[in-house]
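Undergrad: My structure is below; once you've seen it, I'll send some questions.
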Amino acid sequence: VRIAETGVTVLASLTRGTDIPDIPGDTAPMALIQASRVTSPLVVRNRRPGDRLRPFGAPGSRKLQDLFVDRKVPRSERDAVPLVVDASGRILWVAGVTIAEDCRVLTPQAGVVILQIKKGNQ
C-alpha cells in the first residue's frame, strides 16, 4: 500500500519455515507477526481516538497515544505513523514502533507475515 500523503509504502508478505529475516528490535522498519493470529484482510490506516493495543513485551493494554509519548514519537509525526490492522480492527503493527504482543512469532513453521515500511523510493 502506497501512502501518498506521507511518502511511504507498507508491504506485507507471507512466508513459512525457519528461513525468516532477523529483526533487530521492535522499532525496525520491518516486523514479523504470527500468520495464524491474523484475520485477513490487513488494512493500513492512521490513528483514531481511543486506539489501544498490548505492545510487544508489555503486561497489559495501552492507549496508542500513551505509547507514542513513552516511545518519544514527536507529536508532529504521530498522525503520519501507519497502523496495520486486521479484519477485526485489531492493531497488529504500529509501523517502526512496536507490534502487538498477541501477534509475536512463536512458531515460524506455521507461517509468518513480514511487514515492511519503506520511505520514498527505497
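Numbering-wise (my numbering), the sequence shown opens with residue 8 and increments by one.
Yeah, the Cβ is synthetic: ideal placement off N, Cα and C, and Gly gets one too.
#1: Taking only three categories from DSSP, how would you classify P62?
#2: Mind checking which residues open and close the beta strand (DSSP E) that includes Q41?
#3: Rounded C-beta distance between S68 and L74? I'm assuming under 8 Å.
#4: Cβ atoms of L39 and V119: under 7 Å apart, would you say?
#5: Which first and last residues belong to the beta strand (DSSP E) in which V119 is found?
#6: Given that a residue counts as buried once 16 or more other Cβ atoms are within 10 Å of its Cβ, and exposed if not, what is P89?
#7: As an exercise, report each continuous beta strand (DSSP E) stretch of at least 3 residues that is fully enclosed by the stretch 73-116, in chain order.
TA: In brief:
#1: The residue labelled residue 62 in the question sits at position 55 within the sequence shown. Reduced to three states, the DSSP call for P62 is strand.
#2: By one-based count along the sequence shown, residue 41 stands at place 34. Run containing Q41: 37-41, per the beta strand (DSSP E) assignment.
#3: As a first step, residue 68 is located in the sequence shown; it is residue number 61 there, counting from the start. As a first step, residue 74 is located in the sequence shown; it is residue number 67 there, counting from the start. Not confirmed; about 10 Å, so no contact.
#4: Locating residue 119 in the sequence shown gives position 112, where the first residue counts as 1. Locating residue 39 in the sequence shown gives position 32, where the first residue counts as 1. Their beta carbons are under 7 Å apart, which means V119 touches L39 by this criterion.
#5: Taking the sequence shown and counting its residues from 1, the one referred to as residue 119 is at position 112. Element bounds for V119: 119-126.
#6: Taking the first residue of the sequence shown as 1, we reach residue 89 at position 82. Buried, because 16 or more other Cβ atoms sit within 10 Å of the Cβ of P89.
#7: 90-92, 98-101
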